[in-house]
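Colleague:
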Amino acid sequence: MRYILATLLVMLNLIACSEQQTPLQGEVSDHDLKKSTKIVGGEDVDPSDEHVEFVVMIMGKYENGEPYVCTGTLIDYDLVLTAAHCIGVKDTMQVTFGENPIHDGPVQISTVKEALKHDRFNKTEEIRNDIGLIQLNEGAPDYFEPAVLPWKTKKSIRRSKDFNVYGFGVTSGIVSEGKLNTKTVGVMRTTSLKADRESEKSDVFYAKQTEGKGICSGDSGGPAFVQKNILIGIISRGITDDPANPQAADNDICNYESVFTNVRYYQTWINEGIEKLHKVTDVPDAYPFLN
Numbered sequence: 522m523r524y525i526l527a528t529l530l531v532m533l534n535l536i537a538c539s540e541q542q543t544p545l546q547g548e549v550s551d552h553d554l555k556k557s558t559k560i561v562g563g564e565d566v567d568p569s570d571e572h573v574e575f576v577v578m579i580m581g582k583y584e585n586g587e588p589y590v591c592t593g594t595l596i597d598y599d600l601v602l603t604a605a606h607c608i609g610v611k612d613t614m615q616v617t618f619g620e621n622p623i624h625d626g627p628v629q630i631s632t633v634k635e636a637l638k639h640d641r642f643n644k645t646e647e648i649r650n651d652i653g654l655i656q657l658n659e660g661a662p663d664y665f666e667p668a669v670l671p672w673k674t675k676k677s678i679r680r681s682k683d684f685n686v687y688g689f690g691v692t693s694g695i696v697s698e699g700k701l702n703t704k705t706v707g708v709m710r711t712t713s714l715k716a717d718r719e720s721e722k723s724d725v726f727y728a729k730q731t732e733g734k735g736i737c738s739g740d741s742g743g744p745a746f747v748q749k750n751i752l753i754g755i756i757s758r759g760i761t762d763d764p765a766n767p768q769a770a771d772n773d774i775c776n777y778e779s780v781f782t783n784v785r786y787y788q789t790w791i792n793e794g795i796e797k798l799h800k801v802t803d804v805p806d807a808y809p810f811l812n
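Taking the numbering used here, the leading residue of the sequence shown gets 522, the next gets one more, and so forth.
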């Protein structure tokens, strides 16, 4: 099977353009990034939606100079949980806040103090351990609050296959002349999905995308939520090959199946990462929800 990272390699007006093009790289010749009504088959997030308070957009460059866009989730006053492949060169990375950070200026931005990837992150064809933490230099705006990790809630988490995803990516996986249409990137969108199966180790779970909705490029690192704000998964990648329809990926790279890192499986790594990043950082009094 072929796998795609749900990272969007794209030029925005906040990062420089890369000349190299691959099927997952988008070329934006028009900086008017217009709104659409879908994540893929979803809807724009209303400014009053509480998820605006803890879903962020990540921009940066990889070591080869390619720019990218990802999504992440605030889990502490200065920490964002995301995918490992969403962590590029630290000094190029920026985290933006709000449901429409590209269009609704002025943009609130934080630079990155530190970033951690899982030490066994395996960027091969079948990516494993795709999880990372980003520590913010400036911290989140006052109106932001962290999402809830599954082991930090007193609520009984219902065993349900249904969950909601959020992301800042493109609204279609249709490739035209080797490129994605990236004009819709930069607006937070959401849709609902249903967990289809788990991996043998339960480190990832999968969702079908054959009904015209799901995640796509630019949504990487974004959250899968149950019960509004309980974070159960991290958007990792898409599987493009449908054994029943082998030609489908030639037309739409986001039409078959999506893969999510299971947050609960990585509880120890996340807790150790938080402790490592905070070992010389005092929690300010302005964040009473951490006490």
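Backbone N, C-alpha and C fix where the C-beta goes; we use that ideal spot for every residue, glycine too.
How big is the Cα-Cα spacing for Phe-618 and Ile-648?
Modeller: Position 97 of the sequence shown holds residue 618. Position 127 of the sequence shown holds residue 648. Roughly 28 Å separates the two Cα atoms.
Colleague: Using the beta-carbon count (16 or more within 10 Å), is Pro-588 buried or exposed?
Modeller: Along the sequence shown, read from residue 1 onward, the residue named residue 588 stands at position 67. With 16 or more Cβ atoms within 10 Å of its Cβ, Pro-588 is classed as buried.
Colleague: Is it true that the segment 737-749 meets the segment 600-607, where meeting means three or more beta-carbon pairs spaced less than 8 Å apart?
Modeller: The segment 737-749 vs the segment 600-607: in contact.
Colleague: Which residues bound the alpha helix (DSSP H) around Ile-608?
Modeller: Position 87 of the sequence shown holds residue 608. It is not in any alpha helix (DSSP H) - Ile-608 carries neither H nor E in the DSSP assignment.
Colleague: If we require 3 or more residues per run, which beta strand (DSSP E) segments fall completely within the segment 708-742?
Modeller: Segments of the beta strand (DSSP E) lying fully in the segment 708-742: 710-719 and 725-729.
Colleague: Using the beta-carbon count (16 or more within 10 Å), is Thr-789 buried or exposed?
Modeller: Here residue 789 is taken as the residue at index 268 of the sequence shown, counted from 1. So Thr-789 ends up on the exposed side.
Colleague: What is the DSSP secondary structure of Lys-800, counted as helix, strand or coil?
Modeller: Within the sequence shown, residue 800 is the residue found at index 279, counting from 1. In the structure shown, Lys-800 sits in coil (DSSP, three-state: anything other than H, G, I, E or B).
Colleague: Using CA atoms only, rank isn't needed, just tell me which of Leu-714, Lys-673 and Glu-666 is closest to Asp-486.
Modeller: Examination of residue 486 is not possible in this model, given that the chain is present from 522 through 812 alone.
Colleague: Pick from Glu-659, Leu-637 and Arg-758: whose alpha carbon is nearest that of Gly-653?
Modeller: As a first step, residue 653 must be located in the sequence shown, where it is residue number 132. For Gly-653, the nearest C-alpha among the options comes from Leu-637.
Colleague: My output table needs one value for Glu-574: the three-state DSSP class, helix, strand or coil.
Modeller: Start at 1 with the first residue of the sequence shown, and residue 574 comes out as number 53. Glu-574 falls in the helix class under three-state DSSP.
Colleague: May I ask you to list the residues that DSSP assigns as paired with Pro-744?
Modeller: Translated into the one-based positions of the sequence shown, residue 744 becomes position 223. Paired residue(s): Ile-755.
Colleague: Considering only their Cβ atoms, is the gap separating Gly-754 from Asn-792 smaller than 8 Å?
Modeller: The residue labelled residue 792 in the question sits at position 271 within the sequence shown. The residue labelled residue 754 in the question sits at position 233 within the sequence shown. No.
Colleague: How far does the beta strand (DSSP E) with Tyr-786 in it extend, from its first residue to its last?
Modeller: Looking up residue 786 in the sequence shown gives position 265. Looking at the DSSP string, Tyr-786 is not in any beta strand (DSSP E), and its letter there is neither H nor E.
Colleague: Alpha carbon to alpha carbon, how far is Tyr-727 from Ile-760? Give it in angstroms, no decimals.
Modeller: Mapped onto the sequence shown, residue 760 falls at position 239. Mapped onto the sequence shown, residue 727 falls at position 206. So the alpha carbons of these two residues sit roughly 10 Å apart.
Colleague: Less than 8 Å between the CB atoms is what I'm expecting for Val-577 and Leu-595, so what's the real figure, rounded?
Modeller: Position 56 of the sequence shown, counting from 1, holds the residue named residue 577. Position 74 of the sequence shown, counting from 1, holds the residue named residue 595. Indeed they touch by this definition, with Cβ atoms about 6 Å apart.
Colleague: Do you know offhand how far Gly-690's Cα is from Arg-710's?
Modeller: One-based indexing of the sequence shown puts residue 690 at position 169. One-based indexing of the sequence shown puts residue 710 at position 189. So the alpha carbons of these two residues sit roughly 8 Å apart.
Colleague: Distance check for Ile-795 and Val-752, CA to CA, integer angstroms please.
Modeller: In the sequence shown, the residue the question calls residue 752 occupies position 231. In the sequence shown, the residue the question calls residue 795 occupies position 274. This sequence places Leu at residue 752; Val is not what is there. The alpha-carbon atoms of Leu-752 and Ile-795 are separated by roughly 16 Å.
Colleague: Indicate the three-state DSSP secondary structure (helix, strand or coil) for Asn-585 in the structure shown.
Modeller: Reading the sequence shown from its first residue, position 64 is the one you call residue 585. Asn-585: coil per DSSP, three-state reduction.
Colleague: Do you know whose CA, among Glu-778, Met-580, His-572 and Asn-585, lies nearest Thr-632's CA?
Modeller: What you label residue 632 is simply residue 111 of the sequence shown in a count that begins at 1. Checked all of Glu-778, Met-580, His-572 and Asn-585; the closest Cα to Thr-632 is Met-580.
Colleague: Is it the case that the Cβ atoms of Ile-756 and Val-686 are separated by a distance below 8 Å?
Modeller: Reading the sequence shown from its first residue, position 235 is the one you call residue 756. Reading the sequence shown from its first residue, position 165 is the one you call residue 686. Yes, these two residues count as a Cβ contact at 8 Å.
Colleague: Using 8 Å as the threshold, is the C-beta distance between Tyr-598 and Ala-661 below it?
Modeller: Stepping through the sequence shown from its first residue, residue 598 is reached at position 77. Stepping through the sequence shown from its first residue, residue 661 is reached at position 140. Yes, these two residues count as a Cβ contact at 8 Å.
Colleague: With respect to the beta strand (DSSP E) encompassing Ile-652, which residues constitute its N-terminal and C-terminal limits?
Modeller: Walking along the sequence shown from the start, residue 652 turns up at place 131. Taken as a continuous stretch (DSSP letters only), Ile-652 belongs to no beta strand (DSSP E), as it is neither H nor E.
Colleague: Spatial neighbours of Thr-674 within its chain, please: CB distance less than 8 Å, with the 5 preceding and 5 following residues excluded, ordered by chain position.
Modeller: The residue given as residue 674 occupies position 153 in the sequence shown. Ile-751.
Colleague: If you run the structure through DSSP and keep just helix, strand and coil, what is Lys-638?
Modeller: Taking the first residue of the sequence shown as 1, we reach residue 638 at position 117. Strand at Lys-638.
Colleague: Can you find a heavy atom of the ligand ZN that lies under 7 Å from the Cβ of Tyr-727?
Modeller: Summarising the ligand content, the structure contains no ligands, and the ligand ZN is consequently not present.
Colleague: I believe Phe-781 touches Val-725 by the beta-carbon criterion, under 8 Å. Please report the beta-carbon distance rounded to the nearest angstrom.
Modeller: What you label residue 781 is simply residue 260 of the sequence shown in a count that begins at 1. What you label residue 725 is simply residue 204 of the sequence shown in a count that begins at 1. With 8 Å as the limit, Phe-781 and Val-725 qualify as a contact, their Cβ atoms being about 6 Å apart.
Colleague: By DSSP's criteria, Glu-778 is part of a beta bridge. Which residues make up the other side?
Modeller: As a first step, residue 778 must be located in the sequence shown, where it is residue number 257. DSSP output for Glu-778 lists Lys-729 and Ile-760 as bridge partner(s).
Colleague: Who are the Cβ neighbours of Leu-798 in its own chain at under 6 Å, not counting the five residues just before and after it?
Modeller: Position 277 of the sequence shown, counted from the first residue, corresponds to residue 798. So the qualifying residues of the chain are Glu-635 and Gln-656.
Colleague: In whole angstroms, give me the CA-to-CA distance for Lys-722 and Lys-800.
Modeller: Working through the sequence shown from its first residue, we reach residue 722 at position 201. Working through the sequence shown from its first residue, we reach residue 800 at position 279. So the alpha carbons of these two residues sit roughly 31 Å apart.
Colleague: Please classify Tyr-664: is it buried, with 16 or more other beta-carbons within 10 angstroms of its beta-carbon, or exposed?
Modeller: Locating residue 664 in the sequence shown gives position 143, where the first residue counts as 1. Exposed, because fewer than 16 other Cβ atoms sit within 10 Å of the Cβ of Tyr-664.
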